[in-house]
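Quick note, the sequences are listed as chains A and B, same order.
Everything in the first sequence is counted per the working numbering, starting at 6 for the first residue and increasing by one.
Everything in the second sequence is counted per the working numbering, starting at 13 for the first residue and increasing by one.
Here a beta-carbon is modelled for each residue, glycine too, at the ideal position from N, C-alpha and C.
If you're wondering where the values come from, they're calculated on a predicted model, not measured in any experiment.
Below: one structure, written as structure tokens.
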Amino acid sequence: MPGQATILIIDDEQAMRDSCHQVLSKDGYRTETAEDGDSGLQKIRQIKPDLALVDLKMPGMNGMELLEKIGDIDPNIVSVVITGYATIESAVEAMKRNAYDFLPKPFTPDQLRIVTRRGLERRALAVEAAKLQQEKEKMRENFITLVSHQLRSPLVSIRQYFEVILEGFVGDVASKQKEMIEEAGRRIDELLKLVNDWLDLSHIEAGKLVEKFEPVALTPILSQTVRLLQPAAELSKVKLQMQQPPDSFPLVQGNEESLKQAFTNLISNGINYNRQGGTVTASTREENNHLVVEISDTGIGISQENLSFIFDEFFRVKTKETRGLTGSGLGLPIAKRIIEAHNGSIKVVSELGKGTTFSILLPKAKKEQ
Amino acid sequence: MNNEIKILIVDDDLGYVKSIRAILESKEYTVDTAHNGESAMEKIKKIKPDLILLDIMMDRLDDGFTICYRLKHDPEMRKIPILTISAVTDKTGFKFSPVTDGEYFEADDYIEKPVKASDLLKRIEKLLSEYGKQEEL
Numbered sequence: 006m007p008g009q010a011t012i013l014i015i016d017d018e019q020a021m022r023d024s025c026h027q028v029l030s031k032d033g034y035r036t037e038t039a040e041d042g043d044s045g046l047q048k049i050r051q052i053k054p055d056l057a058l059v060d061l062k063m064p065g066m067n068g069m070e071l072l073e074k075i076g077d078i079d080p081n082i083v084s085v086v087i088t089g090y091a092t093i094e095s096a097v098e099a100m101k102r103n104a105y106d107f108l109p110k111p112f113t114p115d116q117l118r119i120v121t122r123r124g125l126e127r128r129a130l131a132v133e134a135a136k137l138q139q140e141k142e143k144m145r146e147n148f149i150t151l152v153s154h155q156l157r158s159p160l161v162s163i164r165q166y167f168e169v170i171l172e173g174f175v176g177d178v179a180s181k182q183k184e185m186i187e188e189a190g191r192r193i194d195e196l197l198k199l200v201n202d203w204l205d206l207s208h209i210e211a212g213k214l215v216e217k218f219e220p221v222a223l224t225p226i227l228s229q230t231v232r233l234l235q236p237a238a239e240l241s242k243v244k245l246q247m248q249q250p251p252d253s254f255p256l257v258q259g260n261e262e263s264l265k266q267a268f269t270n271l272i273s274n275g276i277n278y279n280r281q282g283g284t285v286t287a288s289t290r291e292e293n294n295h296l297v298v299e300i301s302d303t304g305i306g307i308s309q310e311n312l313s314f315i316f317d318e319f320f321r322v323k324t325k326e327t328r329g330l331t332g333s334g335l336g337l338p339i340a341k342r343i344i345e346a347h348n349g350s351i352k353v354v355s356e357l358g359k360g361t362t363f364s365i366l367l368p369k370a371k372k373e374q
Numbered sequence: 013m014n015n016e017i018k019i020l021i022v023d024d025d026l027g028y029v030k031s032i033r034a035i036l037e038s039k040e041y042t043v044d045t046a047h048n049g050e051s052a053m054e055k056i057k058k059i060k061p062d063l064i065l066l067d068i069m070m071d072r073l074d075d076g077f078t079i080c081y082r083l084k085h086d087p088e089m090r091k092i093p094i095l096t097i098s099a100v101t102d103k104t105g106f107k108f109s110p111v112t113d114g115e116y117f118e119a120d121d122y123i124e125k126p127v128k129a130s131d132l133l134k135r136i137e138k139l140l141s142e143y144g145k146q147e148e149l
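Here is the structure:
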């Protein structure tokens, strides 16, 4: 129904506003007018039009600037440029600023009608697409929630039974039986961790992380992680150390919990894929506009052919040395996605038998304004 | 002593309920169960439990939330302590922690499945004694 669409005409010439208004309102559109950029923007915010006709040359804010600002308010508002100075350059310029169509003055009522109709069709599609996208997101989120619950529930239930049996609530358990139930429990725990990891991954993919960004200090996060993993390192007889950077170290824009998780995954790998007496070293440094976190180990290393797969989901290096190790194969993919969600990158250098170094590059947070 | 204390387990996972029941009965609590939102509300009104162990996702994703809301906005039943016990974690996108989301979700305590038996029993005792004190005042 064209009668329901609202069109805003922004032009400094009274004659232009009046004639456009006449043509379009006769066709059943609701029309509003504004005589310059500022009042145009105000009306855009107030009435949320479906389509805006924008003159390029106006006193005060010019049309190009106006186009950009309309796009900022709502990218789905269709802007059509009307101008007496139609050149290829200005047309290209306007398109770059989110204009959908370009109508050189003078134009006939029919030309205006065609351009308007086309613009509104575009608008209807954009609105529909945005709605579908939203529904898709919602379904995806519900799906994640449901699947994780369905996967976790039975595992949790089994785990609970084991706990009840092991704690002797339903009678005594012989030590051999106890041993086996304990082992079964550990396997269930691995599976639970896998589900959790998979959930983490889904959440990063759904863009949930960025919502929680704030300026954070990298070095304390890294040293806390190192401290937390110290017992695990001792257990594996691996030396875990951190090189302290200078006191004043720039902040990054990010989420503390997830960065901690990324560092944990990398350092844990450094510990697990190591040898008795090996070391893992964590350090931070500044490099141009970036901060670099380096996690370096003297472990078993990764062969060149495996190196290109280590960030793939569920990939695990299978060699003699890794036989006794369990893991979900999601640690590195999670670390990588976390870093990438922070607009950073992760690089790896490794030599078989010598060790592996992961370098994480994160952009510095912009100074507070 | 404990057999005078009635605890209601609200959970749709019958296997899980069985294992929790074993833990509670070891301390001689009187245990009753309900397996969905509707029957839980009926039972709560009928038996007036001294404490409720409440699962969140049952027939509907938010059954536990609804029950908790209704109880905590009822002048009589708000006095029953609620211990949420759920496999739902913050990773699933739900808010639930009484510490951070108390306004939204007014449970008295939260514990994640699977639970350590000793931890569960300790929390139950703590809630019972806290609520008991309030009653005396």
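Q) Mind checking whether A/Leu330 and A/Asn277 have CB atoms under 7 Å apart? A) Going by beta carbons, A/Leu330 and A/Asn277 fall inside the 7 Å limit.
Q: Within its chain, find whatever has a CB closer than 7 Å to the CB of A/Tyr105; leave out the 5 residues flanking it on each side and keep chain order.
A: If we look at A/Tyr105 and ignore the five residues flanking it on each side, its Cβ neighbours are Val83, Ser84, Val85, Gly124, Arg127.
Q. How many angstroms separate the CA atom of A/Ile12 from the CA atom of A/Gly212?
A. The straight-line gap from Cα to Cα measures roughly 34 Å.
**Q.** Pick from A/Leu240, A/Val257, A/Val231, A/Leu296 that is closest to A/Leu271, judged by C-alpha positions
**A.** Looking at the Cα atoms, A/Val231 is the closest of the given residues.
Q: Mind listing the chain A neighbours of B/Tyr28? Cutoff is C-beta to C-beta under 9 Å, in chain order.
A: Taking the beta carbon of B/Tyr28 as reference, the chain A residues within 9 Å of it are Ser158, Val161, Ser162, Gln165, Tyr166, listed in sequence order.
**Q.** Proximal residues to A/Phe319 (C-beta, below 6 Å), its chain only, five neighbours per side dropped
**A.** Closer than 6 Å at the Cβ level, and outside the excluded window around A/Phe319, lie Gly334.
Q) Quick one: Cα of A/Ala238 to Cα of B/Lys18, how far? A) In this structure, the alpha-carbon of A/Ala238 lies about 47 Å from that of B/Lys18.
Q. How is B/Asp121 classed by DSSP in three states: helix, strand or coil?
A. The answer is strand: DSSP assigns B/Asp121 an E or B state.
Q: Find the residues of chain A that neighbour B/Ile35, judging by a C-beta separation of less than 7 Å, and give them in chain order.
A: Contact annotation for B/Ile35 against chain A: Val169, Phe174 [CB-CB distance below 7 Å, chain order].
Q. Helix, strand or coil: how does DSSP classify A/Phe375 here?
A. This structure cannot settle anything about residue 375 of chain A, because the visible part of chain A is limited to 6 through 374.
Q | DSSP state of B/Leu132 mapped onto helix, strand, coil | A | The answer is helix: DSSP assigns B/Leu132 an H, G or I state.
Q.
Which of the three DSSP states is assigned to A/Arg290 in this structure?
A. Note: A/Arg290 maps to strand in three-state DSSP.
Q: Give every residue of the same chain whose Cβ lies closer than 6 Å to the Cβ of A/Glu345, excluding the five residues on either side of it in the sequence, and list them in chain order.
A: By the criterion of a C-beta distance shorter than 6 Å, A/Glu345 is surrounded by no residue of its chain, once the five residues flanking it on both sides are discounted.
Q | Nonlocal neighbours in the same chain, by C-beta distance under 6 Å from A/Ala2, ignoring five residues either side | A | This structure cannot settle anything about residue 2 of chain A, because the visible part of chain A is limited to 6 through 374.
Q) Curious, which full-length beta strand (DSSP E) runs of at least 3 residues does the segment 198-277 of chain A contain? A) If we require 3 residues or more, the beta strand (DSSP E) runs fully inside the segment 198-277 of chain A come out as 219-222, 244-248, 256-259.
(Q) So, under 8 Å CB-CB, B/Leu20 and B/Pro61 are touching, yes? Tell me the CB distance rounded to an integer number of Å. (A) Right, their Cβ atoms sit about 4 Å apart.
Q.
Let's see if you can read the secondary structure: which residues bound the beta strand (DSSP E) around A/Ile351?
A. For A/Ile351, the enclosing beta strand (DSSP E) begins and ends at 350-356.
Q) So, helix, strand or coil for A/Asp60, using DSSP? A) In the three-state reduction of the DSSP assignment, A/Asp60 falls in the strand class.
Q.
Can you give me the C-alpha to C-alpha distance between B/Ile123 and A/Asp205, rounded to a whole angstrom?
A. When rounded, the distance between both Cα atoms is 20 Å.
(Q) In this structure, how does DSSP classify A/Leu137 when only helix, strand and coil are distinguished? (A) It is helical.
Q) For A/His295 and chain B, any beta-carbon pair shorter than 7 Å? A) Cβ-Cβ to chain B under 7 Å: no for A/His295.
Q: Just mark A/Thr113 as buried or exposed, buried being the case when its beta carbon has 16 or more other beta carbons within 10 Å.
A: Only exposed fits A/Thr113, as fewer than 16 other CB atoms lie within 10 angstroms of its CB.
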